[in-house]
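A short write-up of the structure that comes next.
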Amino acid sequence: KLTKSFSFLKRLAIPAIFAGIAKGLQLMSKASSEAVRNLDLVADRIGSSTSALSALALVAEQYGVNNNQLTIGLQRQTRRIGEASQGYGEAKKALDRLNLSAQELVKLTPEQQFIKLADALSKIESKSVQVATAFKLWDVEGVSLLQVIDDLDEKIKEVADSEAIITAADVRAATEYQI
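Counting in our numbering, the sequence shown runs from 3 upward without gaps.
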């Protein structure tokens with residue numbers, strides 16, 4: 003009798019387990035698809051390419067900076083460089099301190115701006131001045147983003163050919179999945 007009960011439970015449990023696994027995979031796939039689409043939306047909003055933003059996000063993640071911190075920082079950077087190029091705003095003095103021209107930076111993509119800023123910031127010896135300057139560029143995300151700045155251009159080149167980089171084809175596939 004015990005063997006029959008176990009056999010009955012096994013027949014019920016195995017399909018339920020596989021259904022649970024399938025549902026879990028479906029939810030993970032949906033979450034991944036949404037993450038790809040969100041990255042594409044942010045890239046479009048700030049004037050970046052999805053693959054360039056993806057590469058920067060991959061590097062940042064290796065240094066403990068999450069995607070939200072990075073994208074908020076880049077959005078603030080983009081706005082503040084735009085303001086500085088018009089002669090006002092939080093970043094104006096910070097860019098002067100870094101010997102960078104807002105008029106030149108505004109012509110670059112956000113990730114190119116970030117690389118220039120990172121290079122200039124990495125040359126500041128005082129951590130206090132580095133933090134204060136980063137805060138003017140990226141606000142509270144500045145302290146976290148400082149973890150990424152050393153040799154940033156090289157770090158991005160290292161991950162550029164990675165299969166983890168999100169491409170335009172990945173965005174199309176994610177969009178099709180959402181439909």
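Heads up, the beta-carbon is just placed ideally off N, CA and C, and yes, glycines get one too.
These numbers come from a predicted model, not from an experiment.
Runs of the alpha helix (DSSP H) lying entirely within the stretch 28 to 104, each at least 4 residues long, are 52 to 64, 69 to 87 and 93 to 99 in chain order. With respect to the 8 Å criterion, R82 and G89 are not classified as neighbours on the basis of their beta carbons.
Taking C-beta separations shorter than 6 Å and ignoring five residues to either side along the sequence, the partners of L58 in its chain run E113, following chain order. Assigned with DSSP and collapsed to three states, E165 falls in coil, not helix or strand. Collapsing the DSSP output to three states places T111 in coil.
Taking every protein chain shown into account, the CB of R78 has 16 or more other CB atoms within 10 angstroms, so this residue is buried.
With a threshold of 16 other beta carbon atoms within 10 Å, K95 falls short and is exposed.
The beta carbon of L72 sits closer than 6 Å to the beta carbons of A59 and A62 from its chain, once the five residues preceding and following it are set aside; these are given in chain order.
In this structure, the CA atom of I117 is about 14 Å from the CA atom of N101.
Looking at the backbone, the Cα of D98 and that of W140 are separated by about 16 Å.
At least 8 Å separates the beta-carbon of A134 from that of V145. In this chain, Q149 is not harboured by any alpha helix (DSSP H), its DSSP state being neither H nor E. For the 8 Å CB-CB criterion, I168 and L41 form a contact.
DSSP places D141 outside both helix and strand once states are collapsed to three, so it counts as coil.
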